[in-house]
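Comments concern the structure below.
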Amino acid sequence: DNEVVVVGVGVGVGFTGTITDAAGNSVTQSIPDTQTPVQVDATRPTMTITSPNVTSGATTNDAFIVLNFAVSNNTGDGAYDFVESDITVEKDNQPLSSTESGALLSSFNGSSGASSYTATFTPSAEGTYKISVKADEFTDVADNNNTLSNTLIWSYDNTPPTLDSVEMLSTGGSSIDPTTFGVGHVISIIAKFSEPVSATGLPVLNLSNGRNTTTVSVVEGNDYELLFTYTVGQNDNSNNDLQVIGASVPI
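Numbered according to my numbering, the sequence shown spans residues 0 to 250.
Pasting the structure below:
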């Protein structure tokens, strides 16, 4: 901000001639005690979009998220003529019309001149959403148009992963039958899922050999796969092949 004030009036102060009244009296060169300040603001306002529910770039299964729109400018004033239809929404890199965007936005709150606004965003389907405000959508108190805001990116995913397959990868059974394992042999079990997963709460698999049942805990995970290990015990005699019969903790 720059405050403009009168700094001097009179012959020789920015004038090449003289200033007089109708009677020929020259204007006094004394500066008045009372002056009207004027602010000059040529800086365009900015807007920052955040959410208390997610960080930009996150993938969650939230049914909806709250959006915060914060305005910043030199005067400390807010945004004028900013309305819900100024918010731009893309889904999977495809721009949505104002009608389509409006169907996803609700509870828009904030009055003209406010420095903060809020809205609720409810996704229509799974996908990646990008939320922003284009340049020149609103003005500040000095009538400066806004700059382009940041883009809040959020991916909505509410489809649970599925267990697609289970592989027994161990080799080196008995010298007579390489698919038969004795006491102390370690069998690696790879559980493969339909999408990347992470293991929390120490999930376990339930195993059955036709006679006995046992559980094995997760050892490590890598995107689409979780690794479990099973060590053959003294009483683990089987009537049938070793099989996974379930998970005692959700994965």
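We put the CB at the ideal spot given by N, CA and C, even for glycine. Since the structure is predicted, the reported quantities are computational estimates derived from the model, not experimental observations.
6 Å Cβ shell around residue i - same chain, five flanking residues per side excluded
{"i": "G109", "result": "Y116"}
{"i": "T146", "result": "R43, T45 and A134"}
Cβ-based neighbour list, residue i, same chain, cut-off 7 Å, excluding 5 preceding and 5 following
{"i": "E125", "result": "Y155, D156, N157 and T158"}
{"i": "S193", "result": "P160, T161 and D163"}
{"i": "I64", "result": "S50, N52, V53, F120 and W153"}
Whether residue i touches residue j by CB criterion (7 Å)
{"i": "Y229", "j": "I186", "result": "yes"}
{"i": "A198", "j": "L162", "result": "no"}
{"i": "N149", "j": "I48", "result": "yes"}
{"i": "V203", "j": "T212", "result": "no"}
In DSSP terms, what residue i is bridged to
{"i": "E194", "result": "Looking at the DSSP assignment, E194 forms no beta bridge with any residue, so it has no partner."}
{"i": "E166", "result": "I189"}
{"i": "Q242", "result": "S207"}
{"i": "E224", "result": "K191 and N221"}
{"i": "F120", "result": "I64 and L104"}
{"i": "V215", "result": "L204"}
Residues near residue i in its chain [Cβ-Cβ closer than 8 Å; skip 5 each side]
{"i": "L241", "result": "M167, I186, L206, S207, N208 and Y229"}
{"i": "G245", "result": "L204 and N205"}
{"i": "D235", "result": "V182, N208, N211 and T213"}
C-alpha gap between residue i and residue j, whole angstroms
{"i": "T179", "j": "V231", "result": "11 Å"}
{"i": "Y128", "j": "Q38", "result": "40 Å"}
{"i": "V165", "j": "S50", "result": "39 Å"}
{"i": "S55", "j": "V243", "result": "39 Å"}
{"i": "A21", "j": "E136", "result": "50 Å"}
Helix, strand or coil at residue i according to DSSP, with G and I counted as helix
{"i": "G101", "result": "helix"}
{"i": "E125", "result": "coil"}
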